[in-house]
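Q: Under UniProt numbering, the first residue of the first sequence carries the number 1, and numbering increases by one thereafter. Even glycine gets a Cβ: it sits at the ideal position worked out from N, Cα and C.
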Amino acid sequence: MTEGNRHMHLLLVDGSGYIFRAFHALPPLNRKSDGLPVGCVQGFCNMLFKLTQDMDIDEPPTHMAVIFDHSAKTFRDNIYSEYKAHRPPAPEELVPQFPLTRSATRAFSIPAIEMEGWEADDIMATYACQAKARGWKVTIASSDKDLMQLVEPDGSIRLLDTIPRPGQPPLRWIGPDEVFTKFGVTPDKVIDVQALCGDAVDNVPGVPGIGVKTAAELINTYGNLETLLERATEIKQNARREKLIANAELARISKKLVTLEQSVPVEIDLDGLVRQPISPGTLFPFLKAMEFATITKRLAGLLEANPDDFEADPDLRAGGADAPASLKSTSLSVAKAKLAAQTVPGSGPAKFAAEEHARIKAIPVDYDAYEIVNTPERLAAWVQKIWDVGRVSIDTETTGLDPQQADLVGICLSTQIGEGCYVPVGHVLPGDLLAGGGLVEGQLPIRDVLDALKPVIEAPSILKIGQNIKYDMEIFWRYGINLAPIDDTMLISYALDGPRYNGMDVLADHWLGHKTITFSELAGTGKSQKTFDQLDIAAAARYAAEDADVTLRLWHVLKPRLAAENATTLYETLERPLAPVLARMEARGITVDRQILARLSGDFSQRAAAFEAEAYELAGQSFNLGSPKQLGEILFDKMGIEGGTKTKTGAWSTGADVLEDLALKGVPLARTIVDWRQLTKLKGTYTDALPTYMNPRTGRVHTSYSQASVLTGRLSSNDPNLQNIPVRTADGRKIRTAFVAAPGKVLISADYSQIELRVLAHIADIQALKDAFEEGLDIHAMTASEMFNVPVEGMPSEVRRRAKAINFGIIYGISAFGLANQLGIARGEAGDYIKTYFERFPGIRDYMDEQKVKVKADGYVTTIFGRKIQFPNANSGNPSERSFVERASINAPIQGSAADIIRRAMIRMEPELKKAKIDADMLLQVHDELIFEVPEGTEDQAIPVIKRVMENAAEPAVRLTVPIQVDAHAAKNWDEAH
DNA sequence: GCAAGGACGTA
DNA sequence: GTACGTCCTTGCA
1 MTEGNRHMHL LLVDGSGYIF RAFHALPPLN RKSDGLPVGC VQGFCNMLFK
51 LTQDMDIDEP PTHMAVIFDH SAKTFRDNIY SEYKAHRPPA PEELVPQFPL
101 TRSATRAFSI PAIEMEGWEA DDIMATYACQ AKARGWKVTI ASSDKDLMQL
151 VEPDGSIRLL DTIPRPGQPP LRWIGPDEVF TKFGVTPDKV IDVQALCGDA
201 VDNVPGVPGI GVKTAAELIN TYGNLETLLE RATEIKQNAR REKLIANAEL
251 ARISKKLVTL EQSVPVEIDL DGLVRQPISP GTLFPFLKAM EFATITKRLA
301 GLLEANPDDF EADPDLRAGG ADAPASLKST SLSVAKAKLA AQTVPGSGPA
351 KFAAEEHARI KAIPVDYDAY EIVNTPERLA AWVQKIWDVG RVSIDTETTG
401 LDPQQADLVG ICLSTQIGEG CYVPVGHVLP GDLLAGGGLV EGQLPIRDVL
451 DALKPVIEAP SILKIGQNIK YDMEIFWRYG INLAPIDDTM LISYALDGPR
501 YNGMDVLADH WLGHKTITFS ELAGTGKSQK TFDQLDIAAA ARYAAEDADV
551 TLRLWHVLKP RLAAENATTL YETLERPLAP VLARMEARGI TVDRQILARL
601 SGDFSQRAAA FEAEAYELAG QSFNLGSPKQ LGEILFDKMG IEGGTKTKTG
651 AWSTGADVLE DLALKGVPLA RTIVDWRQLT KLKGTYTDAL PTYMNPRTGR
701 VHTSYSQASV LTGRLSSNDP NLQNIPVRTA DGRKIRTAFV AAPGKVLISA
751 DYSQIELRVL AHIADIQALK DAFEEGLDIH AMTASEMFNV PVEGMPSEVR
801 RRAKAINFGI IYGISAFGLA NQLGIARGEA GDYIKTYFER FPGIRDYMDE
851 QKVKVKADGY VTTIFGRKIQ FPNANSGNPS ERSFVERASI NAPIQGSAAD
901 IIRRAMIRME PELKKAKIDA DMLLQVHDEL IFEVPEGTED QAIPVIKRVM
951 ENAAEPAVRL TVPIQVDAHA AKNWDEAH
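1) Over the uninterrupted beta strand (DSSP E) stretch that includes residue 1038, give me the two end residues.
2) Give the range of the alpha helix (DSSP H) segment to which Arg-102 is assigned.
3) Check for me: the alpha helix (DSSP H) holding Glu-929 runs from which residue to which?
4) Compare the Cα-Cα distances from Ala-289 to each of Asn-482, Gln-149, Asp-308, Leu-160 and report the closest residue.
5) Among the candidates Ala-764, Ser-897, Phe-808, whose CA atom is the shortest distance from the CA of Tyr-847?
6) My output table needs one value for Gln-630: the three-state DSSP class, helix, strand or coil.
7) So does the region 542-552 actually touch the region 498-518, counting three or more Cβ pairs closer than 8 Å?
8) Going straight from the alpha carbon of Arg-588 to that of Ile-811, what length do you get?
9) Near Phe-180, which residues of its chain fall below 7 Å by C-beta distance, leaving aside the five closest residues on each side in sequence?
10) Provide the residue span of the alpha helix (DSSP H) that contains Pro-424, from first to last.
11) At what residue ranges does the region 643-722 contain a whole run of the alpha helix (DSSP H), taking only runs of 4 or more?
12) Check Phe-739 in the structure and name its three-state DSSP category.
13) Please state whether DSSP places Glu-793 in a helix, a strand or coil.
14) Is Tyr-479 helix, strand or coil by DSSP?
15) Quick check on the DSSP output: what are the complete alpha helix (DSSP H) runs of length 4 or more inside the region 854-939, in order along the chain?
16) If you run the structure through DSSP and keep just helix, strand and coil, what is Tyr-812?
17) In whole angstroms, what is the alpha-carbon distance linking Gly-684 and Ile-411?
18) My assumption, with CB atoms under 8 Å, is that Ala-68 sits in contact with Ala-112. Please give the rounded CB distance.
19) By the 10 Å Cβ neighbour count, where 16 or more other Cβ atoms means buried, how is Phe-284 classified, buried or exposed?
20) Return the chain-ordered list of same chain residues with a C-beta closer than 7 Å to the C-beta of Thr-961, the five sequence neighbours on each side being excluded.
21) Would you mind listing the alpha helix (DSSP H) stretches within the region 216-286 that are 4+ residues and don't spill past its ends, in chain order?
22) Go to Leu-463, then tell me how far its beta strand (DSSP E) extends in each direction, as first and last residue.
23) How close, in whole Å, do the beta carbons of Ala-977 and Leu-747 come, if the pair is a contact with beta carbons under 8 Å?
24) If the criterion is Cβ atoms closer than 8 Å, does the pair Leu-597 and Leu-924 meet it?
25) Just to confirm before moving on: does the CB-CB distance between Gln-965 and Glu-951 stay below 8 Å?
26) Taking all protein chains shown into account, do 16 or more other C-beta atoms lie within 10 angstroms of the C-beta of Pro-99, making it buried, or fewer, making it exposed?
27) Does Val-550 come out as helix, strand or coil in the three-state DSSP assignment?
28) For Ile-964, does the three-state DSSP call read helix, strand or coil?
29) Quick check: Ala-708 and Leu-439, are their CB atoms within less than 8 Å of each other?
30) In whole angstroms, give me the CA-to-CA distance for Arg-252 and Ala-195.
31) Apart from the five residues just before and just after Trp-136, which ones in its own chain have a Cβ nearer than 7 Å to its Cβ?
32) Got a sec, what are the start and stop residues for the alpha helix (DSSP H) Trp-173 sits in?
33) Shortest alpha-carbon distance to Ser-254 belongs to which of Leu-160, Arg-553, Asp-192, Thr-139?
34) Going by DSSP, what residues sit across from Lys-745 in a beta bridge?
35) So the candidates are Asn-220, Leu-160, Glu-152, Thr-162; which of them puts its Cα closest to the Cα of Pro-176?
36) Mapping DSSP to helix, strand and coil, what is Ser-622?
Structure (structure tokens):
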């Protein structure tokens, strides 16, 4: 990048200075719809935009950032407790505008930077210093005299005063000459002068009685502060000499206070500040939320965009992110008009997305353009290319599918569509297990490759794009590399289209019309399938580089759709930040006690064998108890039991409910089978299988979470599934006792109480339910009491059980048929229950009708956080399919909103725990429950923080109108903690 | 060797 | 009646 250095120009804006200027210079202004004070935000936007326009005329910056003061204390408070002590607290109406100015900055696609413990001046000093080291030019938009110490004699670092002053030009540069006019010294001596004269505003003491003029004279005479203080006795004037000697220490402290720190550990490096074009999809949702009509109009003209294509940012608009209008409104025409405005590819982001799609799709895949990297020079060239472009699509090839076990075999990269490279590092020669192959020639040493790539993979300024990048994050962690920041095409697709097109092969086929090489084509299938390290490098490279190339293409196609289809907030708040959280949970794993499981296996297998013998006895023959087919034939054909039903494929139904029924009717074999099935299920799926998942490296079990496979936004867990560990039966719970805390630790289980019913009460706005939750009542008993006119006191458990079934039925999109089945009552009776329920809670029926209408009209329903859940066959010609969609569309906003809430809790959990200085590891998520591992004895500190984060997770995006309750317990094992 | 269907574990 | 993943058998290649 040395070639371009002459033209690099960094513009740093003193954000806090701008805020206060806007505040003092402008009349107050309140947002029309809710009175939120926004005058300062508006002024800030105007000033920021004007600055970029003015600068672009003759000195366009190539890099830019707005730097803010962080409200917390800084290192200067430790040096001098009185520092800035005279500063009054910020005016009340200014406080809510602080975060909004950050949002404003980001809306203009400019990085907004602030750091706890540092003043904006220190951060600016650091960036200026870094930029100077690279030979860049630096402009600091600020009139703060404290920054004058940064001015360079050669003018490479200058300040820019933009405060309008009558009779003066709008932009006034502050270079060495201006500094000399102000302080009477060259910029490098400014801090010495300030150390002597102090600063009344910041309460920097200085030496009492010495002003700027005297200070400058002294410093110019003695060269610098230290020399002056050492030789103070030589000063002729009595008063001046005495003051200096008496206050030497105060002067030294003052110097420390005014000296700006130039090595702040900034999280974003200079490359991350590269100037971005203003994106209408980012800008207009903000401006509309603020209701800045004039700026909106002006910028729409300049950007040639139509603001009507964008909706106000739901997190910022008046009333906060309330339920989307579609949930509240039954007006179909409104919903349809909105949909049309979003998707008509005639203008704005939708047009851009459509054009990008067409452009990318037309570029053919050329396998010959891919490169195998096996020299340090070529690797270095790729690294340089990544720095230049600022982003890279990346994929790892490994020996297996388990990110906690698979070893790295190669890395593929692509920075530009149509290009791609493969860096093989772990391909082995054929050989038996004992002879052990050895590495194939022509590969760079893995350590060299990782050392070369680590800086870009960890660079905050380089975006790493992947398909299911959580996998690659975990692989790289095991090699000591922290992959961040990320974008994930799988998650972008999920935010847009749900789990419909999961998988890169499907995405490539659907969006690019390109069939990728499949792993089976490359490595074979089944038992003879090769692992990646056994593949020929040339063949592997085509497959691998194609993956990186295609991922980059998909990113170009899918990313613009986020803005075009209003899914940016969903992706940025609920998808992208969750991936690294899940990666860490997977990497941690959980300890499982092998011995407990082994003992249970033995017990279950003995008892199952007894049931097996009993079953043969009762059946009068032996048969495969695991075969529903054979069992059906014995029960209904051979034994001639009446009343059997058939499944849709014509086989006898032998499900647990059928067998339970038969058992009650006096068929002892049915009971035996039920018992046998339960035990063999527990043994086969849990006590036998779980130990095989124990990772030999960590000794723990690491599940894998799928973030993008559930229609409603829930997670799913696999290999092994730790979201269906038994809990309902006594035998089942014994399995939970095998999930234990590591030595010296305890597990905490924290679960949302009745989260879905609470969400339902909120969405459907059911006052009676809300009141019950507000008063902390037993919700099922209360429902029963309302429906059956029975007092809660002394209520028969059967009555409560029925009400509970109805409550769940409501959540599942109730039908008389289903409820009757569940409760074992007649269809008519179940229908009466439902009717009564609707009479007692009339809002429920309205809610259900709204969802049904909406799904038919729009093809989707939404959660309270704006996640769309699509049902492509909502208008199917098949009546049973249609009713199925109706029920699912009733359930999806409830299940999905609850899922979004716990996602928000998970995303916030780690930083909040860290802030509270709690050492707690989040290990598992089971839909409404989070499992943590904490040092023994710290559970009482951890639990309140965990509860607080979970209970407030919806805020501030959504203000729920029901209280959310979380119950948390600690114990050595999961069974006791739950 | 693989896919589909049935059964069953969870929220 | 919603949403999942896993184990096992069966039937076909």
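A: With the structure as the only source:
1) Shown here, the chain extends from 1 to 978; a query on residue 1038 therefore has no answer.
2) 97-107
3) No alpha helix (DSSP H) holds Glu-929; the beta strand (DSSP E) holding it covers 929-935.
4) Asp-308
5) Ala-764
6) helix
7) yes
8) For Arg-588 and Ile-811, the distance between alpha carbons rounds to 34 Å.
9) Within the same chain, Phe-180 has close Cβ partners Thr-186.
10) Premise fails: Pro-424 lies in the beta strand (DSSP E), 421-424, not in any alpha helix (DSSP H).
11) 656-664, 668-681
12) strand
13) coil
14) Tyr-479: coil per DSSP, three-state reduction.
15) 879-915
16) If DSSP states are grouped into helix, strand and coil, Tyr-812 belongs with coil.
17) 38 Å
18) At residue 68 the sequence reads Phe, which differs from the Ala that was named. At roughly 7 Å, the Cβ-Cβ gap stays under 8 Å, so Phe-68 and Ala-112 are in contact.
19) buried
20) His-762, Lys-770
21) 225-230, 238-246, 248-258
22) 463-466
23) 5 Å
24) no
25) Cβ distance < 8 Å, so Gln-965 and Glu-951 count as in contact.
26) exposed
27) helix
28) coil
29) no
30) Roughly 7 Å between the two C-alpha positions.
31) Asn-5, Met-8, His-9, Leu-10
32) Note, Trp-173: premise wrong, no alpha helix (DSSP H); beta strand (DSSP E) at 172-174.
33) Of the listed residues, the one whose Cα sits closest to Ser-254 is Asp-192.
34) Pro-935
35) Glu-152
36) coil
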